[in-house]
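Colleague:
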Amino acid sequence: MEHASKILLPAALGILLSSASSSQGQTVLGFPPTIVTATGRTHVTPIGYRIVPASAQMERAPGSIAAWVVPSRLGIRELQTAHVQGVYRAAQWSAGAEVGSLGMDRYTEVALTTFGSIAPSDYLTAGLALGYTMARARGFATEHLLTINAQMVFLLDSLTAIGVAGSNIGQTHRAGAQSGAVLQFRIGASRAIASGLLFDLDLVFPLQTASGVATALRWDAGEFLSLRLAYATVPQSLEASVRLAAIEHFAVLATLHYHLALGASPTVGIAYRW
Numbered sequence: 007m008e009h010a011s012k013i014l015l016p017a018a019l020g021i022l023l024s025s026a027s028s029s030q031g032q033t034v035l036g037f038p039p040t041i042v043t044a045t046g047r048t049h050v051t052p053i054g055y056r057i058v059p060a061s062a063q064m065e066r067a068p069g070s071i072a073a074w075v076v077p078s079r080l081g082i083r084e085l086q087t088a089h090v091q092g093v094y095r096a097a098q099w100s101a102g103a104e105v106g107s108l109g110m111d112r113y114t115e116v117a118l119t120t121f122g123s124i125a126p127s128d129y130l131t132a133g134l135a136l137g138y139t140m141a142r143a144r145g146f147a148t149e150h151l152l153t154i155n156a157q158m159v160f161l162l163d164s165l166t167a168i169g170v171a172g173s174n175i176g177q178t179h180r181a182g183a184q185s186g187a188v189l190q191f192r193i194g195a196s197r198a199i200a201s202g203l204l205f206d207l208d209l210v211f212p213l214q215t216a217s218g219v220a221t222a223l224r225w226d227a228g229e230f231l232s233l234r235l236a237y238a239t240v241p242q243s244l245e246a247s248v249r250l251a252a253i254e255h256f257a258v259l260a261t262l263h264y265h266l267a268l269g270a271s272p273t274v275g276i277a278y279r280w
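Mapping of the sequence shown onto the working numbering: residues 7 to 280, in sequence order.
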């Protein structure tokens, strides 16, 4: 097993750090193992707030602190990451920060993201996230990734919303070179199709690869249990998430994200809300 890991790890890092890929795939922390949607209304965990920051305003709790770990990426335990996030919410705005880290002998990453959102009316919420990631791998140049992710959600009525989001607007500094581009744009709609049941459908437009779709279904089974299933074609992946709030103020978070080409990335965590 250890021998296989020594073979697979450089290959995995080569995929993640390849200059031919998008910036969001060039670092482990820069590519959270989750399927986000343009409205964010089906999300049951805070993992995607750094990509779709307006989603943080949709939580009902005034404040929250969450911590989670990704025990392995691509089936490799050495690519384990840990994250801590805090969010404060007022009636018409929210602000938060997230810190993530990955550390081992051959590869190190540290990421810091700050995000916020405003809701100037009952029908519009806009969010912005600023992120910095430093990645250093043996045999690779140090990577400094700056990102700006933006999102707007329009509530059409009590059942329907539309959203737009742009991911990875920013610059990648690598080996003395730099570049900047909007690497992904998505537009989607969300609809409450039954009591406690929400459906999301997105069109995804990565500017350097093929376009695709993403869809998600959320079921709120009372106040204590929320389930989410999601599928995306860019990249092709499946996901199942659960949030269980069996104890007052506390919730257990779990996600299993399966990339059809690269493998599974589970996430487990806990959140405290007040």
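Note that CB positions come from ideal geometry on N, CA and C, so glycine has one too.
Owing to the predicted nature of the structure, the values given are computational and were not obtained by experimental measurement.
1. Taking its Cβ as the centre, do 16 or more other Cβ atoms sit within 10 Å of alanine 156, making it buried, or is it exposed?
2. Taking the C-alpha atoms as reference points, what is the distance between serine 201 and tryptophan 225?
3. Under three-state DSSP, which class holds arginine 83?
4. If we ignore side chains and look at the alpha-carbon of each, how far apart do leucine 223 and threonine 43 end up?
5. Whole angstroms are fine: how far does the CA of phenylalanine 121 sit from the CA of serine 247?
6. Going by DSSP, which residues form a beta bridge with serine 94?
7. Work out the CA separation of threonine 131 and proline 272 for me, nearest whole Å.
8. Give the C-beta separation of tyrosine 94 and alanine 143 to the nearest angstrom, bearing in mind that I take them to be a contact with Cβ-Cβ under 8 Å.
9. Is histidine 263 near proline 77, with beta carbons less than 8 Å apart?
10. Please say whether alanine 141 and glutamate 104 have beta carbons closer to each other than 8 Å?
11. What residue from Ala216, Ser196, Tyr138 has the CA that sits closest to histidine 150's CA?
12. Tell me whether the stretch 236-254 and the stretch 54-67 touch, counting them as touching only if at least three CB pairs, one residue from each stretch, are closer than 8 Å.
13. Taking a contact to mean a Cβ-Cβ separation below 8 Å, would you say isoleucine 193 touches leucine 207 in this structure?
14. Going by DSSP, name the residue or residues bridged to valine 76.
15. May I ask you to report which of helix, strand or coil DSSP gives glycine 202?
16. Could you tell me the alpha carbon to alpha carbon distance between proline 212 and isoleucine 168, rounded to whole angstroms?
17. Out of curiosity, what's the CA-to-CA distance linking valine 159 and glycine 46?
18. Reducing DSSP to helix, strand and coil, say where isoleucine 53 ends up.
19. DSSP has tryptophan 225 in a bridge; who is on the other side?
20. Under 8 Å between the Cβ atoms of tryptophan 99 and isoleucine 124?
21. Give the range of the beta strand (DSSP E) segment to which glutamine 242 is assigned.
22. Identify, in the order they occur along the chain, each residue of the same chain with its Cβ nearer than 8 Å to the Cβ of leucine 165, setting aside the five sequence neighbours on each side.
Modeller: So, from the listed chains and residues:
1. With 16 or more other Cβ atoms within 10 Å, it is buried.
2. Looking at the two C-alpha atoms, the distance is approximately 9 Å.
3. helix
4. 11 Å
5. Cα to Cα, the separation comes out at about 23 Å.
6. The amino acid at residue 94 is misidentified as serine; the sequence shows tyrosine. In the DSSP output, where bridge partners are listed per residue, tyrosine 94 has Gly69, Ala101.
7. 30 Å
8. Not quite, the Cβ-Cβ distance comes to about 35 Å (not below 8 Å), so this is no contact.
9. no
10. no
11. Ranking the options by Cα distance to histidine 150, first place goes to Tyr138.
12. no
13. no
14. Thr87
15. coil
16. 19 Å
17. 8 Å
18. helix
19. Leu203, Leu233
20. yes
21. 242-253
22. Arg197, Ala198
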